[in-house]
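Beneath this line is the structure, given in structure tokens, with notes to follow.
There are 2 protein chains.
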Amino acid sequence: MDKDAPIGVFDSGVGGLTVAREIIRQIPNERIVYFGDTARLPYGTKSKDTIIRYSRQIVNFLTNEGVKAIVVACNTASAYALEEIKDEIKVPIIGVVKPGARTAVSVTKNKRIGIIATEGTINSGLYTKVIKEQDSTIEVIGKACPLLVSLVEEGWLHDDITDQIVARYLEELKEADVDTLVLGCTHFPLLRSSVGNVMGEGVNLVNPAYETALELKRLLAEKQLANVKEVDSPSLMYRFYVSDAAEKFKNIANMILPFDIKTTKQINIEE
Amino acid sequence: MDKDAPIGVFDSGVGGLTVAREIIRQIPNERIVYFGDTARLPYGTKSKDTIIRYSRQIVNFLTNEGVKAIVVACNTASAYALEEIKDEIKVPIIGVVKPGARTAVSVTKNKRIGIIATEGTINSGLYTKVIKEQDSTIEVIGKACPLLVSLVEEGWLHDDITDQIVARYLEELKEADVDTLVLGCTHFPLLRSSVGNVMGEGVNLVNPAYETALELKRLLAEKQLANVKEVDSPSLMYRFYVSDAAEKFKNIANMILPFDIKTTKQINIEE
Numbered sequence: 000m001d002k003d004a005p006i007g008v009f010d011s012g013v014g015g016l017t018v019a020r021e022i023i024r025q026i027p028n029e030r031i032v033y034f035g036d037t038a039r040l041p042y043g044t045k046s047k048d049t050i051i052r053y054s055r056q057i058v059n060f061l062t063n064e065g066v067k068a069i070v071v072a073c074n075t076a077s078a079y080a081l082e083e084i085k086d087e088i089k090v091p092i093i094g095v096v097k098p099g100a101r102t103a104v105s106v107t108k109n110k111r112i113g114i115i116a117t118e119g120t121i122n123s124g125l126y127t128k129v130i131k132e133q134d135s136t137i138e139v140i141g142k143a144c145p146l147l148v149s150l151v152e153e154g155w156l157h158d159d160i161t162d163q164i165v166a167r168y169l170e171e172l173k174e175a176d177v178d179t180l181v182l183g184c185t186h187f188p189l190l191r192s193s194v195g196n197v198m199g200e201g202v203n204l205v206n207p208a209y210e211t212a213l214e215l216k217r218l219l220a221e222k223q224l225a226n227v228k229e230v231d232s233p234s235l236m237y238r239f240y241v242s243d244a245a246e247k248f249k250n251i252a253n254m255i256l257p258f259d260i261k262t263t264k265q266i267n268i269e270e
Numbered sequence: 000m001d002k003d004a005p006i007g008v009f010d011s012g013v014g015g016l017t018v019a020r021e022i023i024r025q026i027p028n029e030r031i032v033y034f035g036d037t038a039r040l041p042y043g044t045k046s047k048d049t050i051i052r053y054s055r056q057i058v059n060f061l062t063n064e065g066v067k068a069i070v071v072a073c074n075t076a077s078a079y080a081l082e083e084i085k086d087e088i089k090v091p092i093i094g095v096v097k098p099g100a101r102t103a104v105s106v107t108k109n110k111r112i113g114i115i116a117t118e119g120t121i122n123s124g125l126y127t128k129v130i131k132e133q134d135s136t137i138e139v140i141g142k143a144c145p146l147l148v149s150l151v152e153e154g155w156l157h158d159d160i161t162d163q164i165v166a167r168y169l170e171e172l173k174e175a176d177v178d179t180l181v182l183g184c185t186h187f188p189l190l191r192s193s194v195g196n197v198m199g200e201g202v203n204l205v206n207p208a209y210e211t212a213l214e215l216k217r218l219l220a221e222k223q224l225a226n227v228k229e230v231d232s233p234s235l236m237y238r239f240y241v242s243d244a245a246e247k248f249k250n251i252a253n254m255i256l257p258f259d260i261k262t263t264k265q266i267n268i269e270e
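Note that the protein sequences, when read in sequence, are chains A and B. Using numbering that gives the first Met the number 0, the letters of the first sequence map in sequence onto residues 0 to 270. Using numbering that gives the first Met the number 0, the letters of the second sequence map in sequence onto residues 0 to 270.
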């Protein structure tokens with residue numbers, strides 16, 4: 000496998016760019032091919048079978064693009080599809096749930112961890128499973144917050160109405176006295192200030208993107224796949240594909256990434 | 000064409016059931032085959048090309064099911080895809096935009112009409128075009144309200160937060176002094192009370208579903224396609240297909256329809 004080959008990163012849409020951003024920051028000399036399934040988003044409200052089918056199509060596309068490793072930068076796809084798909088392909092593949100869960104375990108003191116995520120991620124129970132495997136005495140409280148995804152996509156990031164919705168969703172997690180909260184959907188780091196205000200300073204907010212990028216770095220080193228070439232300009236290092244031509248992708252992307260995306264290429268992922 | 004053949008009705012998900020409900024009420028002896036594209040919803044934020052492709056796949060499915068007419072029970076698909084598709088098929092097909100626009104023209108007194116809809120429907124400009132064709136002196140003010148779709152799907156129909164969001168979206172329509180407001184997304188009739196409270200009693204709320212069912216009735220009579228058989232039980236008269244097995248469909252459907260759906264069949268619409 001070519002060390003100069005890109006990393007494949009995919010998500011239902013723009014959310015996974017918060018993971019790509021972290022990979023770019025921690026491993027700046029790796030190339031990235033990003034795919035956002037904007038024609039079929041969101042994933043968080045759809046069934047396991049559908050998410051597996053979509054993820055399989057995307058993984059096929061990315062392996063055809065010659066990637067040396069794949070990051071499932073979507074909590075719902077990580078929770079539903081990663082286990083199903085990982086043995087079907089030759090390149091290593093990691094998700095965001097396990098790194099996020101491990102970080103939460105390492106920082107909690109009172110052994111009470113909250114998870115906010117999509118319905119799919121919560122229903123999968125994967126965060127709870129991974130956390131309990133490491134420490135069965137930890138209590139995990141999951142809460143699906145579907146509206147938060149829409150609020151981010153509408154761009155209401157710092158907004159009184161968003162604060163009220165966040166407060167309502169988080170009420171039971173506050174009552175459960177969690178000291179650690181996993182931002183278990185890639186959109187949620189964009190609502191970090193609102194979530195932080197509601198939970199208060201004593202609560203650790205875990206963004207799985209950080210630990211995911213770290214795990215990718217370890218994995219590339221272990222498999223002797225780390226790129227040794229110099230960092231090049233963003234337009235040469237990063238390619239962006241979407242399934243729907245919506246301008247919205249570029250608008251939100253340019254808010255998330257440290258550089259402006261000039262071109263995104265649309266492909267028909269169903270074929 | 001068999002008069003006893005069903006009417007095909009489709010939408011991105013459950014929203015179109017508000018149109019199906021109206022057809023059932025006005026033409027109770029017609030059979031219906033309903034398709035909700037729950038694996039790819041929502042449509043309102045996606046591009047014209049994608050919506051045309053999805054609509055074409057669904058229309059093919061419905062014609063294979065032997066429908067005698069098709070109702071595009073989704074404003075976005077009506078706005079983006081109806082014109083493209085209508086000449087490709089042999090059965091008559093109608094959407095919800097034209098009937099809704101005509102009703103608005105017939106009820107406005109001050110010639111100021113507001114449209115609330117998805118981004119796709121607003122961007123298409125179709126409501127404005129159809130209204131202006133009938134009376135070019137009417138002023139049309141469109142407002143995309145993407146969060147309202149998510150609020151309905153979250154079930155927050157009578158809720159203080161929903162009222163605040165509705166109030167924010169409608170602010171400029173109130174300032175524009177419209178006397179008529181089209182609920183230009185099939186989800187929005189479910190927020191009728193909230194919208195009505197914000198706009199006040201003097202404003203007519205137009206639900207295109209009513210006029211669409213009436214137009215379907217006229218069309219069937221004109222083409223001599225009206226069913227003359229007696230009304231049968233719902234389970235024999237109405238069939239429901241979805242592209243994703245989400246339980247959510249049945250839950251919201253049973254809130255909208257005057258009977259409980261017992262079975263929905265999942266199909267892979269991409270193939």
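For each residue, glycine too, the CB sits at the ideal point set by N, CA and C. Quick caveat: nothing in here was measured; it's all calculated off a predicted structure.
A direct Cα-to-Cα measurement between Asp134/A and Leu16/A gives close to 31 angstroms. Any Cβ of chain A closer than 9 angstroms to the Cβ of Ile160/B would place that residue at the interface, and such an atom is present. Going by DSSP, Ile93/A is part of no alpha helix (DSSP H) but of the beta strand (DSSP E) stretching over 92 to 94. Distance from the CA atom of Ile268/A to the CA atom of Ser242/A, rounded to whole angstroms, is 6 angstroms. Bounds of the beta strand (DSSP E) holding Gly7/B are 6 to 10. The beta-carbon distance between Ile112/A and Cys144/A, rounded to whole angstroms, is 16 angstroms. This is too long to meet the 8 angstroms contact definition.
For Lys247/B, same chain residues with a beta-carbon under 6 angstroms away, outside a window of 5 residues either side, do not exist.
Proximity of the region 28 to 40 of chain B to the region 3 to 12 of chain B meets the contact definition, three or more beta-carbon pairs being nearer than 8 angstroms. Counting C-beta atoms within 10 angstroms of its own C-beta, Glu21/B has 16 or more neighbours from the protein chains shown and is therefore classed as buried. Here Asn74/A is buried. Its C-beta has 16 or more other C-beta atoms within 10 Å. For a Cβ distance threshold of 8 angstroms, residue set Ala38, Arg39 of chain A lies close to Arg39/B, ordered along the chain. The residues Gly14, Pro41, Gly43, Thr117, Cys184, His186, in chain order, have a CB closer than 8 angstroms to that of Val148/A in the same chain once the five nearest residues on each side in sequence are set aside. Excluding five sequence positions before and after Lys216/B, the CB atoms of its chain that fall closer than 8 angstroms to its own CB belong to Gln25, Ile26, Ala225, given in chain order. The alpha carbon of Ser234/B has as its nearest neighbour, out of Arg30/B, Glu87/B, Gly7/B, the alpha carbon of Arg30/B. Under a criterion of Cβ atoms nearer than 7 angstroms, the residues of chain A adjacent to Thr49/B are, in order, Ala38, Asp243. Beta-bridge partners of Asn109/A (DSSP): none assigned. Residue contact check for Leu190/A against chain B: no CB pair falls below 9 angstroms. Going by DSSP, Ile57/A is part of the alpha helix (DSSP H) stretching over 47 to 63. 9 angstroms or more divides the Cβ of Pro98/A from the Cβ of Lys222/A. For Glu214/A, the enclosing alpha helix (DSSP H) has its first and last residue at 207 to 221. Under the 9 angstroms criterion on CB atoms, Val194/A is classed as non-interfacial with respect to chain B. Counting C-beta atoms within 10 angstroms of its own C-beta, Thr262/B has fewer than 16 neighbours from the protein chains shown and is therefore classed as exposed. In this chain, the alpha helix (DSSP H) harbouring Leu150/A covers 145 to 153.
Contact annotation for Glu171/B against chain A: no contact, minimum CB-CB distance about 16 angstroms [criterion: below 9 angstroms]. For Val165/A, there is no enclosing beta strand (DSSP E); the residue is part of the alpha helix (DSSP H) that begins and ends at 159 to 174.
Taking a beta-carbon distance threshold of 9 angstroms, Glu152/B counts as an interface residue toward chain A.
In terms of Cα proximity to Gly65/B, the closest of Lys108/B, Arg238/B, Ile251/B, Gly201/B is Arg238/B. Note on geometry: alpha-carbon atoms of Gly94/B and Ala4/B lie some 19 angstroms from one another. Fewer than three Cβ pairs drawn from the region 124 to 143 of chain A and the region 187 to 206 of chain A lie within less than 8 angstroms of each other, which leaves the two stretches out of contact. Taking a beta-carbon distance threshold of 9 angstroms, Ile57/A does not count as an interface residue toward chain B. For the set Asp231/B, Ile260/B, Gly7/B, Ser77/B, the Cα lying nearest the Cα of Asn63/B is the one of Gly7/B. Judged by DSSP secondary structure, Leu180/B falls within the beta strand (DSSP E) whose first and last residues are 179 to 182.
Within 8 angstroms of the CB of Gln133/A, no CB atom of chain B is found; the nearest one sits about 31 angstroms away. Around the Cβ of Ser232/A, a 10 Å sphere holds fewer than 16 other Cβ atoms; the residue is exposed. Here Gly119/A is buried: its Cβ has 16 or more other Cβ atoms, across all protein chains shown, within 10 Å.
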